[in-house]
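Colleague: Encoded as structure tokens, here's the structure I'll be asking about.
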Amino acid sequence: MRHRGRHRRRRRGAALRAALTGTALALTAAATLISVSQADVAKGPGALKPLSSPADTRPLGLREQLAPAATLDRLSAAMGRPVGVDAVLASTDRTMGEGAGCPAGDRATLPTTPDTTRAYCWDRADAGSTAWRPAAVTTSGDADDDGAWGQHRVVLAGWRHTTAAGRSAERGLARVAFTDADDPDHLSYRWVLLVVPVDGGRDYRGLTSGISGMVWYQDKLLVSTDTGGSEALHVFDLDRIQRTTADGSAIGRVPGGWSADGYRFVLPEVGSYRFASGRCTASGPPCPGALALDRSTAPDSLVAAEWTEPGSDRKARLWRYAFSSDPARGGLLATDPAGRADAVRAYRTGASGIRGVLSLGPSWYVGRLPGSRDGHGALWRLDGKEARAAHCGADGTHRCWAEGAGSLSYWQERGEVWSLSDRMLFTLPLARLDRSVR
């Protein structure tokens, strides 16, 4: 198993960060504001309320289930030697547009306050899809604290198939754009399909849960789904990417090779975490939504936000799990001898419709969808005393954040927050975001 130390290299310092920052996009708030009711403008999520009683925290407990080594080895033996992230980046076949070169309709989904530093639109082959939508983002800044994975800077964007449109083979699937971010002026990516080994590793099927959050930590990719099952997290090993060998719409073993609905790479699941108390319910375990990594804790921790319907009376919980410090369990959560991972902190908020979450020190950041689900969302910074958000427009609305209020990821080495709108990938300095909510 690969450990973080193997990927560390000397930091390039302030010169690299300056080269990667670029110039701010000139986006006009007036072009993107959506009118909202006065109630929507004024209502905030309030301060965080700690949850400490066993009745509140026990439903957050997870049970770890790792795939047998024999299953994973059997699949690798049948498909050929696994490849790593480098092999995917070496074969990128999609390019991203940047800034003013992107369609006006795509740029209109970006935050109005604060301004983004860089923003990218997807390749035309993907941007026109009505069935696939970006859902989660994580970077090599999460994977390793030097910000790089080997010699590369990488952004991973998870997409979910959201409707009954498109080919039947795609319905419900989850895929990840492996994006080469070494040159911030020229981002390119390649799709990798998430799959689950079956029949003891003799075959695989597509992951058909609705992806809602994603964190790349060490050599593991942890993915949350919001489809209401007992599986809170799916675990994938970035050293076990497999090449497919056959074309066609089938997913799995086919006569003469391995197929994945046209995708050239698949990433098999190596384990999962299930809620020990069963399926998510209003009174029991939460339906997991957004995920993020927090390096401000010791050890590093995985933070999560509960998915609740925008504008509903059911308010979301926020909580965290500690990552294991055992070198033999790189990228996995800390568990007791019985394989249980308990939340080390938990809070109740007044928020619903959370699509993005971050935790840094005492502050939590949540990106919220509006009750109507359409138009721009709001990004709030919460702590134990108050909640603050940016203001924009003459009526003081808080709906200044991206349309879709997407996933959040903090690239610590660069001081940047990466996020998604419904149509674009973007980044901005954390310091600029903090100034906007003061």
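With mature numbering (1 follows the signal peptide of the UniProt record, and there is no 0) as the guide, the letters of the sequence shown map in order to residues -26 to -1, 1 to 412.
A virtual CB, placed ideally from N, CA and C, is assigned to each residue, including glycine.
Buried or exposed: leucine 407, going by 16 or more other Cβ atoms within 10 Å of its Cβ?
Modeller: The residue in question, leucine 407, is buried, as its Cβ has 16 or more Cβ neighbours within 10 Å.
Colleague: Going by the DSSP bridge assignment, what does lysine 23 pair with across the sheet?
Modeller: Note: lysine 23 sits in a beta bridge opposite Arg322.
Colleague: Which of helix, strand or coil does DSSP assign to valine 244?
Modeller: Of the three classes helix, strand and coil, the one that applies to valine 244 here is strand, per DSSP.
Colleague: Are the beta-carbon atoms belonging to alanine 266 and valine 340 less than 8 Å from one another?
Modeller: Going by C-beta atoms, alanine 266 is not nearer than 8 Å to valine 340.
Colleague: Hey, which unbroken runs of the beta strand (DSSP E) at 3 residues or more fall wholly within the stretch 275 to 334?
Modeller: List check, beta strand (DSSP E) in window: 275 to 280, 291 to 296, 319 to 322, 328 to 334.
Colleague: Going by DSSP in three states, aspartate 154 sits in which element: helix, strand or coil?
Modeller: In the structure shown, aspartate 154 sits in a strand (DSSP, three-state: E or B).
Colleague: Measure the beta-carbon distance from alanine 278 to serine 198 and round it to whole angstroms, keeping in mind my assumption that it falls under 8 Å.
Modeller: Between serine 198 and alanine 278 the Cβ distance is about 7 Å, and since that is below 8 Å, they are a contact.
Colleague: When you compare the CB of glycine 263 with every CB in chain D, is at least one pair closer than 8 Å?
Modeller: In the structure shown, chain D does not exist; there is a single protein chain.
Colleague: Could you give the DSSP three-state label for serine 114: helix, strand or coil?
Modeller: DSSP places serine 114 in helix when its eight states are reduced to three.
Colleague: Just the Cα atoms here: how many angstroms apart are threonine 66 and tryptophan 96?
Modeller: Cα to Cα, threonine 66 sits roughly 13 Å from tryptophan 96.
Colleague: Tell me the rounded alpha-carbon separation between threonine 136 and alanine 105.
Modeller: Between threonine 136 and alanine 105, the C-alpha separation is close to 5 Å.
Colleague: Counting beta carbon pairs with one atom in the stretch 28 to 46 and one in the stretch 243 to 251, are three or more of them shorter than 8 Å?
Modeller: With a cut-off of 8 Å, the stretch 28 to 46 and the stretch 243 to 251 count as touching, because enough Cβ pairs lie within range.
Colleague: Check whether the stretch 290 to 308 touches the stretch 361 to 380, counting contact only when three or more Cβ pairs, one atom from each stretch, lie closer than 8 Å.
Modeller: Counting Cβ pairs under 8 Å, fewer than three are found: no touch.
Colleague: CA-CA distance, arginine 355 and serine 337?
Modeller: Near 6 Å, if we compare the C-alpha coordinates of serine 337 and arginine 355.
Colleague: Just mark aspartate 211 as buried or exposed, buried being the case when its beta carbon has 16 or more other beta carbons within 10 Å.
Modeller: Burial call: buried.
Colleague: Rounded to whole angstroms, what is the Cα-Cα separation between valine 240 and arginine 347?
Modeller: Approximately 32 Å, taken between the alpha carbons.
Colleague: Alanine 264 to tyrosine 191, Cα distance in whole Å?
Modeller: Spanning the two alpha carbons is a distance of roughly 15 Å.
Colleague: Could you pull the start and end residues of the alpha helix (DSSP H) that leucine 404 belongs to?
Modeller: From DSSP, the alpha helix (DSSP H) with leucine 404 extends over 404 to 410.
Colleague: If you reduce the DSSP assignment to three classes, tell me which class methionine 70 lands in.
Modeller: Methionine 70 falls in the coil class under three-state DSSP.
Colleague: If I'm right that valine 128 touches aspartate 154 with Cβ under 8 Å, what's the distance once you round it to whole angstroms?
Modeller: Confirmed, Cβ separation roughly 7 Å.
Colleague: Evaluate threonine 87 with the Cβ neighbour count: other Cβ atoms within 10 Å of its Cβ, from every protein chain shown; 16 or more gives buried, anything less gives exposed.
Modeller: The residue is buried, with at least 16 neighbouring Cβ atoms inside 10 Å.
Colleague: Have a look at Gly349, Arg291, Cys374 and flag the residue whose alpha-carbon is nearest the alpha-carbon of alanine 325.
Modeller: Nearest of Gly349, Arg291, Cys374 to alanine 325, Cα basis: Arg291.
Colleague: Across which residues does DSSP place tyrosine 384 in a beta bridge pair?
Modeller: Answer is Val391, bridged to tyrosine 384.
Colleague: Please report the straight-line C-alpha distance between glutamate 144 and serine 286, rounded to a whole angstrom.
Modeller: Rounded to the nearest angstrom, the two C-alpha atoms are 30 Å apart.
Colleague: List the residues that DSSP assigns as beta-bridge partners of methionine 398.
Modeller: Paired residues: Cys95.
Colleague: Tell whether a beta-carbon distance below 8 Å holds between leucine 167 and leucine 196.
Modeller: No, the Cβ-Cβ distance between leucine 167 and leucine 196 is not below 8 Å.
Colleague: Please tell me whether arginine 48 and arginine 176 are closer than 8 Å, where the distance is taken between their beta carbons.
Modeller: In contact: arginine 48 and arginine 176 (Cβ atoms closer than 8 Å).
Colleague: Hey, could you find the ends of the alpha helix (DSSP H) arginine 48 is sitting in?
Modeller: Taken as a continuous stretch (DSSP letters only), the alpha helix (DSSP H) holding arginine 48 covers 43 to 53.
Colleague: Using the beta-carbon count (16 or more within 10 Å), is valine 411 buried or exposed?
Modeller: Counting Cβ neighbours within 10 Å, valine 411 comes out buried, since at least 16 surround it.
Colleague: In this structure, how does DSSP classify glycine 345 when only helix, strand and coil are distinguished?
Modeller: The answer is coil: DSSP assigns glycine 345 none of H, G, I, E or B.
Colleague: With arginine 164 and phenylalanine 152 assumed to form a contact (beta carbons below 8 Å), what rounded beta-carbon distance in angstroms separates them?
Modeller: Yes, they are in contact, since the Cβ atoms of arginine 164 and phenylalanine 152 sit about 5 Å apart, within 8 Å.
Colleague: Could you pull out every unbroken beta strand (DSSP E) segment of at least 3 residues lying fully inside the stretch 168 to 198, listed in chain order?
Modeller: With a minimum length of 3 residues, the continuous beta strand (DSSP E) runs that stay inside the stretch 168 to 198 are 177 to 180, 185 to 191.
Colleague: Assign alanine 93 to one of two classes, buried (16 or more other C-beta atoms within 10 Å of its C-beta) or exposed (fewer than that).
Modeller: So alanine 93 counts as buried.
Colleague: Report the option in Asp156, Ala352, Val150 whose CA atom is closest to the CA atom of alanine 122.
Modeller: The shortest Cα separation from alanine 122 among Asp156, Ala352, Val150 belongs to Asp156.
Colleague: Roughly how many whole angstroms lie between the Cα atoms of leucine 343 and threonine 282?
Modeller: Approximately 10 Å, taken between the alpha carbons.
Colleague: Should threonine 113 be listed as close to the ligand PLP, given that the test is whether its C-beta is under 7 Å from any heavy atom?
Modeller: Although the ligand PLP was asked about, the structure shown includes no ligands whatsoever.
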